[in-house]
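Asks: Using the working numbering, the first residue of the sequence shown is number 62, and each one after it goes up by one. All C-beta atoms, glycine included, are put in the ideal place defined by N, C-alpha and C.
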Amino acid sequence: MGRVKRLLDHLCLFNHHTLHTVHSWDCSAQHLRSADHYRKSRMAMISEFLGQLTLQLGGGEPTYPTVVPEPNFDPDKDAARIETAIKTKGVDEQTIFDVLTKRTYNQRREIAFAYERRAKKDMISALKGALSGSLETVILGLMKSTAQYDASEIKASIKGLGTDEESLIEILCSRSNDELKEIKKVYKELFKKELEKDVAGDTSGDFAKLLLALVEAKRDEPSSVIDYQKIDEDARALYDAGVKRKGTDVKCWISIMSERSVPHLQKVFERYKSYSPYDMQESISKEVKGDLEKSFLTLVQCFENKQLYFANRLQDAMKSKGAKEKVLTRIIVSRCEVDLKKIRQEFKAHHGKSLYQTIAEHTKGDYQRALLSLCGGDD
Ligand SMILES: [Ca+2]
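Right, dumping it as structure tokens:
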């Protein structure tokens with residue numbers, strides 16, 4: 062899937078004949094703007110169209126982005142603004158994040174091409190030199206595709222001595238099958254190593270087995286046919302393997318939770334309650350501990366409501382003075398073109414205050430302003 066998208070990206074950038082072809086397909090797309098507007102913003106529309114194409118071909122979940130294509134996109138103009146901002150004495154950070162937080166990844170990449178053409182140097186290196194601290198982390202994160210960013214976060218969480226299990230769990234237990242497949246491919250391209258090998262090298266026991274089963278990405282695609290018998294069998298198997306017996310048959314839990322489709326599992330957990338006195342999350346906490354418990358809980362929370370899971374992670378990252386910047390940055394950067402808008406809704410609904418206001422209270426400076434821009438508005 063990623064390969065198709067990249068191929069189309071290339072065509073989109075370098076082949077104007079193809080642009081017209083894609084244009085004519087896109088005329089039937091739902092979000093078509095006026096023809097006049099379209100001509101001005103053709104590249105932006107192509108990016109948006111490619112996003113929709115990814116979803117359609119990937120059979121993936123709908124998206125709720127806060128960062129959408131800038132309709133009057135002019136990569137040369139943006140590149141010029143960034144070049145001036147970098148050259149300004151003391152660096153004009155505001156202009157840099159004003160531009161980059163209001164463009165999609167595809168647009169940022171076009172800006173980087175345009176920048177390289179005019180400044181004769183790499184924009185990412187120039188940004189690294191010009192920015193620092195938390196703002197630099199956000200901006201460099203935005204210069205990666207979502208899969209590249211996830212792959213880099215995984216790499217960062219396992220490199221060196223010790224492992225950042227919390228980050229590893231967040232990423233591997235929350236990403237969809239399609240996302241995981243793309244992450245695996247990108248991981249190999251970036252680091253010349255198999256993701257499976259690196260994960261296996263840094264984790265152990267049942268925790269490793271669960272993560273490796275997820276990385277295999279062999280979850281069923283959602284089916285239009287509801288298999289009530291299978292739902293009942295799986296619910297019963299989860300109960301028999303856990304609460305009903307002494308000890309836990311973790312292998313059984315892993316296979317059901319890593320191979321079944323999400324809609325199927327949602328029904329399994331409902332059915333589960335007719336066998337077990339405890340719901341699935343309570344059962345997990347009774348049966349297993351440590352990283353394995355955290356992983357299973359993350360999985361079940363994401364199956365039930367992924368955006369609520371992220372809203373809760375954000376709340377947790379900002380519950381005391383200051384913020385766990387690593388978690389905050391990662392969720393905002395990795396979800397802004399995926400489902401941050403829906404995460405915002407869940408945040409407001411469950412935590413009383415808007416995500417925007419919460420970020421405003423727990424962060425400061427340019428970092429704060431960049432995050433608020435990505436957040437895309439108050440609720
Ligand atoms: Ca048990």
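Is the beta carbon of PHE371 sitting closer than 7 Å to the one on ILE392?
Replies: As a working mapping, residue 371 is identified with position 310 in the sequence shown. As a working mapping, residue 392 is identified with position 331 in the sequence shown. Closer than 7 Å, so yes.
Asks: Output the boundary residues of the alpha helix (DSSP H) element that contains LYS189.
Replies: Taking the first residue of the sequence shown as 1, we reach residue 189 at position 128. Run containing LYS189: 184 to 191, per the alpha helix (DSSP H) assignment.
Asks: Should SER356 and ILE230 be called a contact, given that it needs their Cβ atoms to be closer than 7 Å?
Replies: Taking the sequence shown and counting its residues from 1, the one referred to as residue 356 is at position 295. Taking the sequence shown and counting its residues from 1, the one referred to as residue 230 is at position 169. A contact, by the Cβ cut-off of 7 Å.
Asks: Let me make sure I understand the geometry here. Which of ILE317, ALA146 and VAL394 has the alpha-carbon closest to that of LEU192?
Replies: Here residue 192 corresponds to residue number 131 of the sequence shown, with the count starting at 1. For LEU192, the nearest C-alpha among the options comes from ALA146.
Asks: Among ILE315, LEU401, ARG321 and HIS325, which residue has its Cα nearest to the Cα of THR369?
Replies: On the sequence shown, position 308 is the one that residue 369 refers to. According to the sequence displayed, residue 369 carries Leu and not Thr. Closest option to LEU369, Cα to Cα, is LEU401.
Asks: Can you tell me which of the three DSSP states ALA90 falls into?
Replies: Locating residue 90 in the sequence shown gives position 29, counting from the first residue. The predicted position of ALA90 is uncertain, since its pLDDT is 44 and thus under 50; no value can be drawn from it.
Asks: At the level of alpha carbons, what is the spacing between VAL203 and TYR166?
Replies: Working through the sequence shown from its first residue, we reach residue 203 at position 142. Working through the sequence shown from its first residue, we reach residue 166 at position 105. Contrary to the premise, residue 203 reads as Leu rather than Val in this sequence. If I take the Cα positions, the gap works out to 7 Å.
Asks: Of the residues LYS328, LYS380 and ASP259, which one's Cα is nearest the Cα of PRO283?
Replies: If you number the sequence shown from 1, residue 283 lands on position 222. Out of LYS328, LYS380 and ASP259, LYS328 has the C-alpha closest to the C-alpha of PRO283.
Asks: Once you ignore the five residues that flank VAL323 on each side, which residues in its own chain have a CB closer than 7 Å to its CB?
Replies: Within the sequence shown, the letter at position 262 stands for residue 323. Once the five neighbours on either side are set aside, the close Cβ partners of VAL323 are PRO283 and PHE364.
Asks: If you follow the alpha helix (DSSP H) that ILE219 is in, where does it begin and where does it stop?
Replies: Sequence index remark: in the sequence shown, residue 219 carries index 158 (1-based). Here the alpha helix (DSSP H) through ILE219 covers 207 to 219.
Asks: Can you say whether ILE215 is buried or exposed, counting buried as having 16 or more other CB atoms within 10 angstroms of its CB?
Replies: Residue numbering aside, residue 215 sits at position 154 when the sequence shown is read from its first letter. It counts as buried.
Asks: Do ASP43 and ALA180 have their CB atoms nearer than 7 Å?
Replies: Because the chain in this structure spans residues 62 to 440, residue 43 falls outside the shown range and cannot be described.
Asks: Please determine, among ARG374, ALA278, GLU257 and LYS270, the residue with the shortest C-alpha to C-alpha distance to ASP310.
Replies: To locate residue 310, count along the sequence shown from 1; it is residue 249. The option with the nearest alpha carbon to ASP310 is LYS270.
Asks: Can you give the Cα-Cα distance for PRO123 and LYS403, rounded to whole angstroms?
Replies: Sequence index remark: in the sequence shown, residue 123 carries index 62 (1-based). Sequence index remark: in the sequence shown, residue 403 carries index 342 (1-based). So the two alpha carbons sit approximately 11 Å from each other.
Asks: Short of 6 Å in beta carbon distance, which residues of its chain neighbour MET318, apart from the five on each side in sequence? Order them along the chain.
Replies: Residue numbering aside, residue 318 sits at position 257 when the sequence shown is read from its first letter. If we look at MET318 and ignore the five residues flanking it on each side, its Cβ neighbours are LEU360.
Asks: Taking the alpha-carbon of LYS380 as reference, which of GLU407, THR424, GLN406 and VAL304 has the nearest alpha-carbon?
Replies: Working through the sequence shown from its first residue, we reach residue 380 at position 319. Closest by alpha carbon: THR424.
Asks: Which residue marks the beginning of the alpha helix (DSSP H) containing TYR336, and which one marks its end?
Replies: On the sequence shown, position 275 is the one that residue 336 refers to. Segment: none, TYR336 is in no alpha helix (DSSP H) and carries neither H nor E.
Asks: How is the alpha helix (DSSP H) around SER284 delimited, first residue to last?
Replies: Residue mapping note: residue 284 aligns to position 223 of the sequence shown, counting from 1. Here SER284 belongs to no alpha helix (DSSP H), and DSSP marks it neither H nor E.
Asks: When burial is assigned at 16 or more other CB atoms within 10 Å of the CB, is ALA410 buried or exposed?
Replies: Within the sequence shown, numbered from 1, the residue matching residue 410 stands at position 349. It counts as exposed.
Asks: DSSP on GLU250, reduced to helix/strand/coil?
Replies: The residue you call residue 250 lines up with position 189 of the sequence shown. In this structure, GLU250 counts as helix in the three-state DSSP scheme.
Asks: Using C-beta distances below 7 Å, list every residue in its chain close to GLY120, excluding the 5 sequence neighbours before and after it, in chain order.
Replies: Here residue 120 refers to the residue found at position 59 of the sequence shown. Here GLY120 scores only 48 on pLDDT, less than 50, and its place in the model should not be relied on; the value that follows carries that caveat. Excluding sequence neighbours, GLY120 sits near GLU282.
Asks: Just to confirm the assignment, what range does the alpha helix (DSSP H) spanning THR145 have?
Replies: Along the sequence shown, one-based indexing puts residue 145 at 84. That run of the alpha helix (DSSP H) goes 136 to 148.
Asks: Can you tell me which of ASP239, MET341, ARG374 and GLY151 puts its alpha carbon nearest to the alpha carbon of PHE408?
Replies: Locating residue 408 in the sequence shown gives position 347, where the first residue counts as 1. Checking every option, the nearest Cα to that of PHE408 belongs to ARG374.
Asks: May I ask whether a heavy atom of ligand 1 can be found less than 6 Å away from the beta carbon of ARG306?
Replies: As a first step, residue 306 is located in the sequence shown; it is residue number 245 there, counting from the start. Under cutoff, so the answer is yes.
Asks: What's the C-alpha gap between LYS367 and SER228?
Replies: Within the sequence shown, numbered from 1, the residue matching residue 367 stands at position 306. Within the sequence shown, numbered from 1, the residue matching residue 228 stands at position 167. Looking at the two C-alpha atoms, the distance is approximately 16 Å.
Asks: Taking THR207 as the reference, which of LYS334, ASP135, THR224 and VAL247 has the closest Cα?
Replies: Walking along the sequence shown from the start, residue 207 turns up at place 146. Selected option, being the one with the closest Cα: VAL247.
Asks: Short of 6 Å in beta carbon distance, which residues of its chain neighbour LEU241, apart from the five on each side in sequence? Order them along the chain.
Replies: Counting from one through the sequence shown, the residue named residue 241 turns up at place 180. If we look at LEU241 and ignore the five residues flanking it on each side, its Cβ neighbours are ALA278.
Asks: Ligand 1 heavy atoms versus the CB of GLY351: any closer than 6 Å?
Replies: On the sequence shown, residue 351 is found 290 positions in, with the first residue counted as 1. No, since every heavy atom of ligand 1 falls outside the 6 Å radius drawn around the Cβ of GLY351.
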